[in-house]
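Trainee: Listed in order, the protein sequences are those of chains A and B. In this text, residue positions in the first sequence follow my numbering: the first is 1, and each later residue adds one. In this text, residue positions in the second sequence follow my numbering: the first is 1, and each later residue adds one.
2 protein chains.
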Amino acid sequence: MATEKFSMYSYLLDRTARRVKQYAQRRFNAEEFDITVDQWLILKNLNNSNNQNQSDLAELTGKDHPTLTRIVDLLCKKGLTERCIHPTDRRSFTVRLTESGKEKVENWSPKVAEIRTKAWENLSEEDYENMKRILNTIYNNLDI
Amino acid sequence: MATEKFSMYSYLLDRTARRVKQYAQRRFNAEEFDITVDQWLILKNLNNSNNQNQSDLAELTGKDHPTLTRIVDLLCKKGLTERCIHPTDRRSFTVRLTESGKEKVENWSPKVAEIRTKAWENLSEEDYENMKRILNTIYNNLDI
DNA sequence: TTAATATATTTGCCTCACTAATTATTATTA
DNA sequence: TAATAATAATTAGTGAGGCAAATATATTAA
Chain A
1 MATEKFSMYS YLLDRTARRV KQYAQRRFNA EEFDITVDQW LILKNLNNSN NQNQSDLAEL
61 TGKDHPTLTR IVDLLCKKGL TERCIHPTDR RSFTVRLTES GKEKVENWSP KVAEIRTKAW
121 ENLSEEDYEN MKRILNTIYN NLDI
Chain B
1 MATEKFSMYS YLLDRTARRV KQYAQRRFNA EEFDITVDQW LILKNLNNSN NQNQSDLAEL
61 TGKDHPTLTR IVDLLCKKGL TERCIHPTDR RSFTVRLTES GKEKVENWSP KVAEIRTKAW
121 ENLSEEDYEN MKRILNTIYN NLDI
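#1: Assuming B/A166 and A/Y9 make a contact with CB atoms under 8 Å, what is their CB distance in whole Å?
#2: Against chain A, which members of the region 8–38 of chain B pass a CB distance test of less than 9 Å?
#3: Out of A/R18, A/L13, A/V72, point me to the one whose CA is closest to A/W40's CA.
#4: Of all the options A/N29, A/L68, A/F33, A/A30, which has the alpha carbon lying nearest to the alpha carbon of A/L46?
#5: Does DSSP put A/N50 in a helix, in a strand, or in coil?
#6: Residues in the region 58–86 of chain A with C-beta within 7 Å of chain B's C-beta atoms, listed in sequence order?
#7: Note down the Cα distance separating B/L97 from B/S109, rounded to an integer number of angstroms.
#8: Based on the DSSP secondary-structure assignment, which residues constitute the bridge partners of B/E82?
#9: Quick one: which residues of the region 90–116 of chain B get their C-beta closer than 8 Å to a C-beta of chain A? List them in chain order.
#10: If you reduce the DSSP assignment to three classes, tell me which class A/D73 lands in.
#11: Name, please, each residue of chain B whose Cβ falls closer than 9 Å to the Cβ of A/E129.
#12: I'd like to know if the region 129–136 of chain B and the region 126–137 of chain A are in contact, where contact means that at least 3 CB-CB pairs between them fall below 8 Å.
#13: Would you mind giving the Cβ-Cβ distance between B/L147 and B/G101, rounded to the nearest angstrom? I have them listed as a contact below 8 Å.
#14: Identify which residue in A/N141, A/I115, A/F33 has its Cα closest to the Cα of B/L123.
#15: Would you mind telling me which residues of chain B sit closer than 8 Å to A/N122, beta carbon to beta carbon, in chain order?
#16: Closer than 8 Å, CB to CB, is B/I42 near chain A or not?
#17: Kindly indicate which three-state DSSP category B/E31 falls into: helix, strand or coil?
#18: Can you tell me the Cα-Cα spacing of B/E99 and B/S49, whole angstroms?
#19: In terms of residues, what are the limits of the alpha helix (DSSP H) holding B/T137?
#20: Judging by CA-CA distance, which residue of B/I144, B/I138, B/D143 is the nearest neighbour of A/L12?
#21: Please state the DSSP three-state secondary structure of A/P66.
#22: Quick check on this structure: which residue in A/T117, A/I115, A/N107, A/L57 has the alpha carbon closest to the alpha carbon of A/R83?
Quick look at the structure:
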């Protein structure tokens, strides 16, 4: 593809991703959800497969290790998750939802899904599939 | 659109935007470009329309004001831009490229364009247009 | 003209991303 | 087994984004 002409995508991607996060965060705040969107991502993943070690959890959620460490710190401080010693590897922790964390995920999942839906007004399922394909292609093109 | 099923876009958007930025930043670093991708965005915009005040520049680049202030601080510290007093409004500064800043933009623009192109392997112009449309629609759907 | 309001920029505080380096532990190999 | 390498998690430093509040100056209205 030509060069200069196609440089704007990084700007569009960046600002759209930021707005998507910002919009969700404001809705979270307005509902006094008391959690960040990144923290929610971790909770939601733990709800699907609890008791992950941090490395796997980082991989699953696309966070790097230092970032994941800090997010888990914050979640533990809020009493939503806890670190447990790994049965066979003393370098590792597994992270699991507390009761309070489970409740949070269950009570809020529908609301979050509704908030997320807003972005797709005026767009079709085909758009959604196209977008998924394009984003994944870009992601893989830039494999590190 | 249905709910839960369509919630993954925020994750895909976020991780793709991050990888796009990360890839460019690593290439910048490898070339000893000595600048961040966000700083480059500001320089590039100034090159198109020099002597913007900070508010307009923030609007143009999609940065919020505090962030723009800090990026301009760093660019000034590097001697690539300078703040000039606004002729008629003493609250404002205009920002302009120094000679060194202009050189930087001119010398590096082709390289940056080449770096940016990498993301579009295996994708068509139609994909590009679709993606632009979808991202802009999402952006406007979440108008703040 | 004075008072109230609006605007441009900056500062402080918190969260997150990326890199490099550190610590503790486990696995490998000489 | 002893030395080396690899892995899991953390810490430190820098850049950036978001929000709220502060400062200085302009604009508007009473």
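Glycine is no exception: its CB is placed at the ideal position from the N, C-alpha and C atoms. This structure is a prediction, so every number in the text was calculated from the model and none was measured.
Mentor: Let me spell this out:
#1: No answer is possible for residue 166 of chain B: the residues shown for chain B start at 1 and end at 144.
#2: M8, Y9, S10, Y11, L12, L13, D14, R15, T16, A17, R18, R19, V20, K21, Q22, Y23, A24, R26, V37, D38
#3: A/V72
#4: A/L68
#5: coil
#6: G62
#7: 15 Å
#8: For B/E82, which the question treats as bridged, DSSP gives the partners B/R96.
#9: S109, P110, V112, A113, E114, R116
#10: helix
#11: Neighbours of A/E129 on chain B: none; closest Cβ ~11 Å, over 9 Å.
#12: yes
#13: The shown model of chain B, from 1 to 144, leaves out residue 147 of chain B, and the question about it has no answer.
#14: A/N141
#15: T137, N141
#16: B/I42 does not count as touching chain A.
#17: coil
#18: Between B/E99 and B/S49, the C-alpha separation is close to 15 Å.
#19: 125–141
#20: B/I138
#21: helix
#22: A/L57
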